[in-house]
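Q: I'd like to ask some things about the structure below.
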Amino acid sequence: QSVLTQPPSASGAPGQRVTISCSGSGSNIGTYSVCWYQQLPGTAPKLLIYRNNERPSGVPDRFSGSKSGTSASLAISGLRSEDEADYYCAAWDDSLSSVVFGGGTKLTVL
Amino acid sequence: QVQLQESGPGLVKPSETLSLTCAVSGYSISSGYYWGWIRQPPGKGLEWIGSIYYSGSTHYNPSLKSRVTVSVDTSKNQFSLKLSSVTAADTAVYYCAEYFGSGTGWFDPWGQGTLVTVSS
């Protein structure tokens, strides 16, 4: 069981907006910033969001992140078929003195 | 542009030591920054293994700490992972990545990953 909780699946039609949640606690998301990763089938994870809501260069502005209290969210607008992937949140956890990941959310584009 | 490439045996016997190396190109490790290892069992999620600063200071996942050693070789511009007393539960794709330091879950970029199977 992962320290950060994500829904196992999410879906949306092309062009729609979907949101993926990541729930933690005061020792992780409540204190530290959150990152989000996209993992396309058969490939390594790729950084999508860092410091809660910042995008690395090259990541489309269709992807956005937010954080409130002990939860974070990744929003994908204008959904495309190529967005079909697994998405993971990550943060530092003070109690565990460890990087912790969410269990991952499989996004299906209908 | 930093690039990372994992290498090592794809098959390790139970109770033996898993050894992997991550070659870094496009950046000199001795210039600074942190480097990390993450693994992903087949069909499962990501697990942080440990990280190392270019100076050699390390930080390990408490659940693996007794079996993990991460080291850095600045002369070869690479860092390494050793995981001892492996079992089938250690079968996973192992990734190396540049890590932005304690207090974050920020890894970028990642290597392509290498599958290590633990089996006799």
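Heads up: the sequence lines are chains R and V, in that order. Numbered according to the numbering used here, the first sequence spans residues 1 to 110. Numbered according to the numbering used here, the second sequence spans residues 1001 to 1120. Think of the CB as a built atom: it goes at the ideal place given N, C-alpha and C, for glycine as much as any other residue. These figures come from a predicted structure and were not determined experimentally.
#1: According to a CB-to-CB cut-off of less than 8 Å, which residues of the segment 1091 to 1110 of chain V neighbour chain R?
#2: Which bits of chain R does G1113 (chain V) rub up against, with CB to CB less than 7 Å?
#3: Over what stretch of residues does the beta strand (DSSP E) that includes D86 (chain R) continue unbroken?
#4: Run through DSSP, which three-state label would D1073 (chain V) get?
#5: Can the beta-carbon of W47 (chain R) be found closer than 8 Å to that of C22 (chain R)?
#6: Hey, how far is the Cα of S1028 (chain V) from the Cα of P14 (chain R)?
#7: DSSP has L1115 (chain V) in a bridge; who is on the other side?
#8: Would you tell me roughly how many angstroms separate the C-alpha atoms of S27 (chain R) and D93 (chain R), rounded to the nearest one?
#9: Is A72 (chain R) closer than 8 Å to Y37 (chain R) when the C-beta atoms are compared?
#10: Quick one: what does DSSP say I1029 (chain V) is sitting in, helix, strand or coil?
#11: In chain V, what lies closer than 8 Å to P56 (chain R) by C-beta?
#12: Judging by CA-CA distance, which residue of R:I20, R:P7, R:T70 and R:Q6 is the nearest neighbour of I76 (chain R)?
A: Let me spell this out:
#1: Y1095, F1100, S1102, G1103, T1104, G1105, W1106, F1107, D1108, P1109 and W1110
#2: A44
#3: A85 to D93
#4: strand
#5: Correcting the residue type first, residue 47 (chain R) is Leu in the shown sequence and not Trp. Result no, Cβ atoms of L47 (chain R) and C22 (chain R) do not sit closer than 8 Å.
#6: 43 Å
#7: V:V1093
#8: 5 Å
#9: no
#10: helix
#11: D1108
#12: R:I20
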